[in-house]
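Worksheet for the structure shown next.
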Amino acid sequence: MLEKFEDFIADLKNNPTVSLREESVQENRELLEYRNPEKKFQRVYDEIKIKVPKEDWKYNDLGALSLDWDAVTDQSDEAYIWGGFQLHTFSSALSSPSNFWEPYNEDRRFWENNPQPEAEAIWKDFLPKLNYINGFGHGSDGTFGCILREEGVYPCPMYFYDSGIWFELNMSLEEYYNTMLQCKAVYYWQYFYIDTEEIVKKLGNFKPVFIEHGGQYLEGPHAFDDKLRDGTISTSVEGVLLQMKNIIKRFPKLFPDVDLAYFKERCDALEKALNK
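Under our numbering, read the sequence shown as residues 2 to 277, first letter to last.
The structure is reproduced here in structure tokens:
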């Protein structure tokens, strides 16, 4: 798996249409010899009774590998696009305390501005079990790929967390990593793999912009925050749709090797659902 990530980053370096802002391949390679997977995964078992088979210890080789890329544009019908990741060492993601969600879900305004009875009923018990395997490499944008840790349960279910909202993903850890690379780790790629009805249910009426003490603030998923702030769009799901369209618009020039048929299918399904 490590070689796949390294090859992906090498390909980006050789792509003249994108800018590689940061990567840590060499640093990660230098740390490989100091890692002791047997010791790390024994600790996982001791702490949470999750037994990771040896064939999955390979994920620890990814360490805290990071990547940040972007592509500007001077075309009026195109938008800035970016991608990347900041990986969380697999054994640490399994065993360490989870608090990445606190800045989002522990803010009272998150719940007050967009009431979510089902999520409110479980989040205090559910979210400490959720830990991230990757954050985003292009600044802190609130998106995380996650695993759900239950004592004695392996493999762990996969989730996508976006600024306080979470979605279960129907894929294994191996599939998650491979799909991320196939999608060039572009911002919001996970939404192409989430059921359309669930996206609409959770984000269709979610309005991230609110006014407090005369100031304008954002809580929750907020792609294209400039358009949310100026009122061009008002709900989180509209931002998801705009980013899907942005990816489909820009990928042919940036990544002509990517088959966009599936992306277009998922984008059309979401747009149709919103136009009902």
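The beta carbon of each residue, even a glycine, is placed where N, CA and C say it ideally should be.
Check                                                                                                                                                                                           : Outcome
For serine 67, list the residues DSSP reports as bridge partners.                                                                                                                               : Gln87
Going by DSSP, which residues form a beta bridge with aspartate 163?                                                                                                                            : Thr144 and Ile166
For aspartate 78, is the classification buried or exposed, using 16 other Cβ atoms within 10 angstroms of its Cβ as the cut-off for buried?                                                     : exposed
Going by beta-carbon coordinates alone, are leucine 261 and valine 201 separated by less than 9 Å?                                                                                              : no
Can you find the residues in the same chain that come closer than 7 Å, C-beta to C-beta, to alanine 120, ignoring five residues on each side of it along the sequence?                          : none
By DSSP, does phenylalanine 6 sit in helix, in strand, or in coil?                                                                                                                              : helix
Would you decide whether aspartate 231 is buried or exposed? Buried here means 16 or more other CB atoms lie within 10 Å of its CB.                                                             : exposed
Quick one: what's got a C-beta closer than 6 Å to glutamate 228's C-beta in the same chain, skipping five residues either side?                                                                 : Going by the sequence as given, residue 228 is lysine instead of glutamate. For lysine 228, where only same-chain residues beyond five positions count, the Cβ hits under 6 Å are Ile234.
Output yes or no for whether 9 Å exceeds the beta carbon distance between phenylalanine 42 and alanine 186.                                                                                     : no
Using the rule of at least 16 other Cβ atoms within 10 Å of the residue's Cβ for burial, across every protein chain shown, is alanine 11 buried or exposed?                                     : exposed
Could you give the distance in angstroms between the alpha-carbon of lysine 125 and the alpha-carbon of phenylalanine 101?                                                                      : 13 Å
For the putative contact between glutamate 7 and phenylalanine 111, defined by C-beta atoms under 8 Å, what is the C-beta separation to the nearest angstrom?                                   : Rounded, the Cβ-Cβ distance is 38 Å, inconsistent with contact.
Between the Cα of lysine 40 and the Cα atoms of Lys52, Glu31, Arg30 and Asn29, which residue gives the shortest distance?                                                                       : Lys52
Less than 9 Å between the beta carbons of serine 92 and serine 25, yes or no?                                                                                                                   : no
Return the first residue and the last residue of the alpha helix (DSSP H) that isoleucine 249 is part of.                                                                                       : 237-255
Under DSSP, the beta strand (DSSP E) around glutamate 23 begins and ends at which residues?                                                                                                     : 20-24
Could you please give the first and the last residue of the uninterrupted alpha helix (DSSP H) stretch that includes isoleucine 123?                                                            : 118-127
Looking at the unbroken alpha helix (DSSP H) that takes in serine 183, where does it start and where does it end?                                                                               : Before going further, note that residue 183 is glutamine rather than serine in the sequence given. Per DSSP, glutamine 183 belongs to the alpha helix (DSSP H) from 174-183.
Give the secondary structure of glutamate 151 by DSSP, where H, G and I count as helix, E and B as strand, and everything else as coil.                                                         : coil
In angstroms with no decimal places, state the Cα-to-Cα distance between asparagine 15 and methionine 172.                                                                                      : 30 Å
Going by C-alpha distance, which of Glu28, Ile166, Asp71 and Phe193 is nearest tyrosine 177?                                                                                                    : Phe193
Asparagine 132 by DSSP, collapsed to three states: which one?                                                                                                                                   : strand
Return the Cβ separation of leucine 204 and serine 237 in integer angstroms, given the expectation that the two are a contact with Cβ distance under 8 Å.                                       : 4 Å
Identify, in the order they occur along the chain, each residue of the same chain with its Cβ nearer than 6 Å to the Cβ of lysine 130, setting aside the five sequence neighbours on each side. : Leu149 and Arg150
Could you check which residue in Ile134, Asn106 and Gly136 has the C-alpha nearest to that of alanine 122?                                                                                      : Asn106
First and last residue of the beta strand (DSSP E) that includes isoleucine 212?                                                                                                                : 210-213
Could you work out which residue in Leu182, Val73, Phe86 and Pro209 is closest to isoleucine 166 when comparing CA atoms only?                                                                  : Pro209
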